[in-house]
Amino acid sequence: MCGIVGYIGSKDAFPILIKGLQRLEYRGYDSAGVALITEASNLAVYKTRGKVSDLESFTQHKDVSGSIGIAHTRWATHGEPNDVNAHPHYSQSESLALIHNGIIENYAVLKEDLMSRGYTFKSNTDTEVLVQLIEYVKVSNNVDLFTAVQLALTQVVGAYAIAVLERGHPDCIIAARKSSPLVVGIGDDEYFLGSDASPIIEYTNRVIYIDDDEVVRLKRDSEPRICNLNNVEKSHEIKELEMSLSQLEKGGFPHFMIKEIFEQPNTVRECMRGRINVERNRVALSGIIDHKERFLNAKRIIIVACGTSWHAGLIGEYLLEEFARIPVEVEYASEFRYRNPVLCPDDIVIAISQSGETADTLAAAELAKRQGAFVYGICNVVGSSIPRMTHTGSYTHAGPEIGVASTKAFTAQVTVLTLMALTIAEEKGEMSKDVFEQYVQELALIPDKMEQTLSVAGYIEDFSSIFTYAKNFIYLGRGYSYPVALEGALKLKEISYIHAEGYPAAEMKHGPIALIDREMPTVVIAPKKGMYDKVVSNIQEIKARKGRVVAIVTEGDTVIRDLADYYIEIPDTEDCFSPLLSALPLQLMAYYIAVVKGCNVDQPRNLAKSVTVE
Ligand code: F6R
């Protein structure tokens, strides 16, 4: 949600900032802007509605010289996406320029106060309030910018990652964070700033993660100075990034989404690496083993997440209850955090998040921790906020996910949950040795079976174009296939803008069946080992009403093949592992329908990759 990038060093800042914005564009893409202290000592701000490419055109004949700058790509919260509301924002005297990711909740009160002191505002944003406040505090207290930022932020309620430049100070960037990610990259005599490491990795793999309520000063020829809002100095370990630049490129695919769909056999292999031993029939997830007693004594597991991660959580519920015999509840993080939930000391709360930054999931995990629960994170982005605040957890190791629609992160989350359920089941002695070994052997085959599943992409591409006429879709599944139906529907609606709903197949009779007609395609996930016969009956009910059916079936299925209009085969596997295969054709279908409709699949309208605001 909004991308921040900054540079100070000896190179030209502008190309570094533009490239950084392009890498961060997945976080928000309705407007973009840059502030530079130019060689002529101007504090220049250039910004425009639209994408980073629009900013590049807009700046073509402008003075973009200078070796210090900050830049921003926006996902609008306050004020529509237009040139004026784009960041950076100047202060009243235009001596400061600021970029911001997050929401200032008390901006209206602060704005009124500043207006009564003669400040005027050009935009509708909360961000402009912040830069004006910093200027007011700086002037009225006669302090330097670092101190002014510290003092101003004590008055602010909300979430922010900010970076500020000051006219006449071409050697210094001040930045700060609360509940919005901020990373400093350390190069040779140069520093970088980023909302995440993606704009930095090209130049250095040495980073510092800034913590909440910290302000950092990046100055040429000196170490970063980091203090909290009370001016207490903070020391930070320099971390080494494991990410590589090639992981951030499209690698010959037309979109990140399709690249990430095809990466899944490998990301699931990576996710299992070192955690599953096929020769010895062992599964060991260190986060569980290190806290074995907690899991052995757990009375309940509560999973909190949003969106696709919530769907993975639902699959986790089925796995953990079936394998480990622990009651599981799956909660939308946004509901959980505000409904005064009852938590007991023997509860384990699992927070699932690709980005590790989702505001609601982070807040839900913090609430659970405050109330004494043991909190476990399942996240993809290493060093992000959730893994840093949880008691322990497991990374999904899916690599950077750039496409806004989550694909490889989902299957990696499901893989971790599977490994988790197997590890606890074994520790608790809840599964017979034979079944356990059979599951371990089968799980190890899943990446190869994913490859086989993806080999039908051409066929899916061919028939998907037929469905671009559709205004609505229904997705049905039972048992393990029910969350997959929800996920398939979410993928379709978010990237193709076709309305789609997922249902447990048996619920169809309780309402949705009224929608079925020739125009309404139904996607049915019907692997052989699920509640197959019951799903076949559902398909017959749809066909009796002239509905069109796309079915995901186990290879060799002849019954559904004769009933469905289109069918996609997945390799045979255990029912509990089938989501890892059946999700893939649904991702492909959503992708190809969206491409034929001419939608921007990597950057769907109104969405952003990382939802760091409520
Ligand atoms: C859908 C999608 C979103 C995210 C949700 C949670 O394709 O990507 O629904 O799953 O915003 O994000 P994370 O997992 O980063 O917490």
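Here the sequence shown is numbered in this note's numbering, starting from 3 and rising by one per residue. All residues carry an ideal CB built from backbone N, CA and C; glycine is no exception. Predicted model only: the values in this text are computed from it and were never measured.
Taking 7 Å as the cut-off, is the beta-carbon of residue i closer than that to any non-hydrogen atom of the ligand F6R?
i: Q356; result: yes
i: G189; result: no
i: A400; result: no
i: T417; result: no
i: A407; result: yes
i: E496; result: yes
i: S311; result: yes
i: T560; result: no
i: L488; result: no
i: V613; result: yes
i: T40; result: no
i: T363; result: yes
i: C4; result: no
i: T269; result: no
i: C308; result: yes
i: T360; result: yes
i: L492; result: yes
In terms of residue numbering, what span does the alpha helix (DSSP H) encompassing residue i cover?
i: K140; result: D128 to N143
i: C588; result: Per the sequence shown, residue 588 should be read as Leu rather than Cys. Its alpha helix (DSSP H) spans residues P581 to V598.
i: S33; result: Premise fails: S33 lies in the beta strand (DSSP E), S33 to I39, not in any alpha helix (DSSP H).
i: G289; result: S288 to I291
i: T417; result: K410 to K430
i: V437; result: K435 to L456
i: N299; result: K294 to N299
i: V486; result: S483 to S498
i: C273; result: Q266 to M274
Can you list, in chain order, the residues of its chain whose CB lies under 8 Å from that of residue i, leaving out five sequence neighbours each side?
i: L456; result: I263, F264, Q266, P267, L586 and L590
i: K363; result: A small fix is needed here, since residue 363 is Thr in this sequence, not Lys. Same-chain partners within the cutoff: V306, A307, C308, S311, A335, A353, I354, S355 and I388.
i: G481; result: Y320, G532, M533 and D577
i: L478; result: A487, G504, Y505, P506, A507, M510, T524, V525, V526, I527, V537 and N540
i: M522; result: A472, N474, F475, I476, G549 and R550
i: D56; result: A34 and T50
i: A446; result: M274, I278 and V280
How would you write the range of the beta strand (DSSP E) that residue i sits in, first residue to last?
i: H102; result: L98 to I106
i: G460; result: Unbroken run through G460 is the alpha helix (DSSP H), A459 to S466; no beta strand (DSSP E).
i: E359; result: Where E359 is concerned, there is no enclosing beta strand (DSSP E), given that its DSSP letter is neither H nor E.
i: N540; result: First-last for N540: Y534 to A546, but that is the alpha helix (DSSP H), not the beta strand (DSSP E).
i: N474; result: N474 to G479
i: T524; result: P523 to A528
i: Y9; result: G5 to I10
i: L1; result: Nothing about residue 1 can be reported from this structure: the residues present for the chain run from 3 to 616 only.
i: Y109; result: From DSSP, Y109 is part of no beta strand (DSSP E) but of the alpha helix (DSSP H) over Y109 to S118.
i: P506; result: H501 to P506
i: T1; result: Given that the chain is displayed from residue 3 to residue 616, the structure contains no residue 1 and the question cannot be resolved.
For residue i, which residues of its own chain have a beta-carbon under 6 Å away from its beta-carbon, when the five flanking residues on both sides are left out?
i: H91; result: L100, T129, E130 and V133
i: Q454; result: P573
i: L421; result: R277, V285 and L287
i: D208; result: Per the sequence shown, residue 208 should be read as Arg rather than Asp. These residues qualify, in order along the chain: I188 and I240.
i: G379; result: A353, I388, P389, T392 and G395
i: K371; result: V377
i: A375; result: L345, D349 and V351
Would you call residue i buried or exposed, if buried means 16 or more other Cβ atoms sit within 10 Å of its Cβ?
i: A150; result: buried
i: I164; result: buried
i: E251; result: exposed
i: P329; result: exposed
i: I304; result: buried
i: T40; result: buried
i: Y346; result: In the sequence under discussion, the amino acid at residue 346 is Cys, which differs from the Tyr named in the question. Exposed, because fewer than 16 other Cβ atoms sit within 10 Å of the Cβ of C346.
i: V159; result: exposed
i: L220; result: buried
i: Y340; result: exposed
i: L167; result: buried
i: G558; result: exposed
i: S181; result: buried
i: M117; result: exposed
i: N279; result: exposed
i: E225; result: exposed
i: H89; result: buried
Leaving out five residues on either side along the sequence, give the residues of the same chain with a beta carbon under 7 Å from the beta carbon of residue i.
i: V54; result: I20, L23, Q24, E27, A34 and T75
i: K495; result: H501 and A502
i: M245; result: A199, I203 and P402
i: N230; result: D215, E216 and K236
i: Y499; result: C601
i: H257; result: G405, V603 and D604
I'd like to know whether the C-beta of residue i is nearer than 8 Å to at least one C-beta of chain C.
i: E489; result: The structure shown contains no chain C, having only a single protein chain.
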